[in-house]
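A short worksheet on the structure shown next.
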Amino acid sequence: MKEFKGRVIAKGAVTAEAVVTKQGFNTLASMQMMFIQSKTKCVDQSNPDLYKKLLQGKALCLPQTIGSTTGGMFLYSAVKSGKAPACLLFAKEIDSLAAAGAVLADVWSDDAKMPTIDKLGDDFLNYVQDGDTVTVKEDGTVIVDR
Amino acid sequence: MQLTTEQQAILNGEKGETMAKVMRTLVQYGEVFGAEKMVPVTGDYGHLVLSFGLTFLGPVFDLYQKLIDEGCLSGQKFTCDPRPYDKNVPQSLLQKAVAKFVFGKQSRYEKQLSQLGLLNEDSYTCTCYLDEIGNTPKAGDVLSWAESSAVVYANSVLGARCNRNSGIIELFGSIAGFVPYFGLLTDEGRKADWIVELQTTGCPDAQILGSAIGMKVMEDVPYVKGLDRYLGTELTDEAKTYLKDFGAATASNGAVGLYHIDNLTPEAKAQGESLIKENAKVYVVDDAELERVKNGYPCIWKNKDADPVLCFLGCPHMTLQQLKDWTDRIEAALQEAGNEKVLVPTVFTTSAGVMKEFEKTPYAARLKRAGVIVSYICPLMFMDNPLWQDKPVITSSNKLRTYTTARFYSNDEILRIITKEGK
Chain A
0 MKEFKGRVIA KGAVTAEAVV TKQGFNTLAS MQMMFIQSKT KCVDQSNPDL YKKLLQGKAL
60 CLPQTIGSTT GGMFLYSAVK SGKAPACLLF AKEIDSLAAA GAVLADVWSD DAKMPTIDKL
120 GDDFLNYVQD GDTVTVKEDG TVIVDR
Chain B
0 MQLTTEQQAI LNGEKGETMA KVMRTLVQYG EVFGAEKMVP VTGDYGHLVL SFGLTFLGPV
60 FDLYQKLIDE GCLSGQKFTC DPRPYDKNVP QSLLQKAVAK FVFGKQSRYE KQLSQLGLLN
120 EDSYTCTCYL DEIGNTPKAG DVLSWAESSA VVYANSVLGA RCNRNSGIIE LFGSIAGFVP
180 YFGLLTDEGR KADWIVELQT TGCPDAQILG SAIGMKVMED VPYVKGLDRY LGTELTDEAK
240 TYLKDFGAAT ASNGAVGLYH IDNLTPEAKA QGESLIKENA KVYVVDDAEL ERVKNGYPCI
300 WKNKDADPVL CFLGCPHMTL QQLKDWTDRI EAALQEAGNE KVLVPTVFTT SAGVMKEFEK
360 TPYAARLKRA GVIVSYICPL MFMDNPLWQD KPVITSSNKL RTYTTARFYS NDEILRIITK
420 EGK
């Protein structure tokens, strides 16, 4: 078990299974088929860490998001539709697109949330592995258990 | 964040609950990046990234309806990304039927766009900054835009100031009339984190160079040295077209919102290497590196040897000169191969404004005779149809490759495939 502390972008507490990408997460490329999938799976051919893996309900551990500026609205729609990861855990400072998605979901959604923590550090991404149990606390503490 | 009295009043709900939430979103978003104030949007027009009535983006359309119902409309007119669908693009009846379902909210959404502040019916393009469209910001203008390729062009080639805003956030900035001051709006945020040393033996393919740089620097700002050897030191139409495609690749294969080209782009010309941060990292790009990057693109066609059924060029949308140049190239290549028409159904995508200008030239009839279709769509969104996922589509757009199952070839390879080999 290892504990990390980051900055809270969108507050919330959740426990979920980790799914990890060491490269930038291209939101549109990864999630554009989510609405025809029974559960959201990554369809980004350029991301071997995540390709074809389940994202919905998982603790998505990533350095940052990249790609299309539709990213924030896709994340927002995913949260509102119950198709989003359980939480987003960023090793680096969050990027503007993911921040938009997290903030939009936080401000405009009363019932569905996606806790989002950034600045967890490179150690976090080096340590966490697919299948680990990740517990996120409201103060930005992230506990990784395997 | 320090707000003005007016901004604080909006946040407190004096203009209604919905407007307060718009304000709260912008404040909370800005505070993530340490913004200490809002600054006025000074560009004449906005630009929105969401142009498609994707059935499943219902939560976004519901939010926009709330804005309309509450009178929270854009204070400036805006252009918008290309439409997703055109019946003239080759497709089966089943694909057409599925597209109708996938984009089932298109009519509703286009009505919403008109109500919110769309400039006009010809405003649907990702290259809003071209003369034919007229949403061309001035150097120093503060923008509230989204669309990664347009943002990186406005920042880098035009010298405007815009963050890589997400969809919805860009509209909120146009509604409020101000945006949080951080990142690429600030002098410090426009300094380069990377020096890219170009050591190729010829002018590199814009799409591959952009891809290589994007994947290396991610969201950082690169300062590229050596490209002026090939593009010159003036922003000619040819140089701007190259930078359009280069920038789109940096922004989609990475997350670049601004680049500087030594001796060419406006801030690099004015400030030179003083734009480079101390301890900037260095990335050397030579022929071998570009080859490595290109060879690393995966092909996820089920049958990798399949003959292509469709070719898309024009992501981002083509310029008038690109349409003319490709007409000449295709005609010459067809003649050399002894063929009359392209061997692979081929679609060039461009804005309605450029299409109208193109139609006035003799090139339009020549391109049609060669069998090429010109369309106003977004090929990326067109392919966001499950029935296109396993179809062998080819492209020379690194952006389209990134977001779809389309396979990437260089422009020369594409020309050979569509005019001579058919596969």
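If you read the sequences in order, they're chains A and B.
Residue numbering for the first sequence follows numbering that gives the first Met the number 0, starting at 0 and increasing by one per position.
Residue numbering for the second sequence follows numbering that gives the first Met the number 0, starting at 0 and increasing by one per position.
All C-beta atoms in this analysis are idealised placements derived from N, C-alpha and C, irrespective of residue type, glycine included.
These figures come from a predicted structure and were not determined experimentally.
Checklist line | Helix, strand or coil at residue 234(B) [DSSP, three-state] | finding: coil
Check: Is it a yes or a no for the region 101-115 of chain A touching the region 77-91 of chain A, going by three-plus beta-carbon pairs under 8 Å?
Finding: yes
Item checked: Alpha-carbon spacing of residue 244(B) relative to residue 315(B), whole angstroms -> 7 Å
Check: Is the shortest distance between the beta-carbon of residue 0(A) and the beta-carbons of chain B less than 7 Å?
Finding: no
Check: Which bits of chain A does residue 162(B) rub up against, with CB to CB less than 9 Å?
Finding: 95
Next item on the list: Give a yes or no on whether the minimum CB-CB distance between residue 29(A) and chain B is below 7 Å.
Entry: no
Check: Is it a yes or a no for the region 4-16 of chain A touching the region 54-68 of chain A, going by three-plus beta-carbon pairs under 8 Å?
Finding: yes
Note to self: Against residue 18(B), what residues of chain A qualify as contacts under a CB-to-CB distance less than 9 Å, listed in chain order?
What the structure shows: Result: empty, since nearest Cβ-Cβ is about 13 Å, beyond 9 Å.
Next item on the list: Starting from the Cα of residue 46(B), find the closest Cα among 122(B), 247(B), 391(B), 349(B) and give me that residue.
Entry: 122(B)
Margin query: Going by the DSSP bridge assignment, what does residue 146(A) pair with across the sheet?
Written below: Here chain A has residues from 0 to 145 only, and residue 146(A) is not among them.
Check: For residue 347(B) versus residue 373(B), is the C-beta distance shorter than 7 Å?
Finding: yes
Item checked: Backbone secondary structure at residue 52(A) - three-state DSSP -> coil
Checklist line | 7 Å Cβ cutoff met for residue 414(B) and residue 357(B) | finding: no
Check: Taking DSSP as the reference, what is the three-state secondary structure of residue 16(B)?
Finding: helix
Item checked: Closer than 7 Å to chain A by CB, residue 56(B) -> yes
Note to self: Less than 7 Å between the beta carbons of residue 203(B) and residue 258(B), yes or no?
What the structure shows: no
Notebook entry, point to check: Can we say the region 143-161 of chain B touches the region 108-119 of chain B, given the rule of at least three CB pairs closer than 8 Å?
Noted result: no
Next item on the list: Would you kindly work out how many angstroms separate the C-alpha atoms of residue 176(B) and residue 145(B), rounded to a whole number?
Entry: 15 Å
Note to self: Quick check on the DSSP output: the beta strand (DSSP E) that includes residue 364(B) runs from which residue to which?
What the structure shows: Not the beta strand (DSSP E): residue 364(B) falls in the alpha helix (DSSP H), residues 362-368.
Checklist line | Cβ-Cβ distance between residue 255(B) and residue 166(B) below 7 Å | finding: no
Notebook entry, point to check: Taking the alpha helix (DSSP H) that residue 58(B) falls in, what are its first and last residues?
Noted result: 57-68
Next item on the list: Mind listing the chain B neighbours of residue 103(A)? Cutoff is C-beta to C-beta under 7 Å, in chain order.
Entry: 24, 167
Checklist line | Three-way DSSP call (helix, strand, coil) for residue 179(B) in this model | finding: strand
Next item on the list: Measure the CB-CB distance between residue 103(A) and residue 67(A) and report whether it falls below 7 Å.
Entry: no
Checklist line | Nearest to residue 141(B) (by Cα), restricted to the options 172(B), 120(B), 116(B) | finding: 172(B)
Notebook entry, point to check: Between the C-alpha atoms of residue 232(B) and residue 116(A), what's the straight-line distance to the nearest angstrom?
Noted result: 44 Å
Note to self: Quick check on residue 71(A) - is its C-beta less than 7 Å from some C-beta in chain B?
What the structure shows: yes
Check: Does the beta-carbon of residue 138(B) have 16 or more other beta-carbons within 10 angstroms, so that it is buried, or is it exposed?
Finding: exposed
Check: Between residue 7(A) and chain B, is there a C-beta pair that is closer than 7 Å?
Finding: no
Check: Going by DSSP, which residues form a beta bridge with residue 95(A)?
Finding: Paired residues: none, contrary to the question.
Check: To the nearest angstrom, how far is it from the Cα of residue 158(B) to the Cα of residue 2(A)?
Finding: 44 Å
Note to self: Between the alpha carbons of residue 71(B) and residue 6(A), how many angstroms are there, rounded?
What the structure shows: 32 Å
Checklist line | Cβ neighbours of residue 0(A) in the same chain (closer than 6 Å, five flanking residues each side left out) | finding: 144
Notebook entry, point to check: Does the separation of the CB atoms of residue 292(B) and residue 396(B) fall below 7 Å?
Noted result: no
Checklist line | Beta-carbon spacing of residue 21(B), residue 143(B) below 7 Å | finding: no
Next item on the list: Compare the C-beta of residue 147(B) with all C-beta atoms of chain A and state if any pair is closer than 7 Å.
Entry: yes
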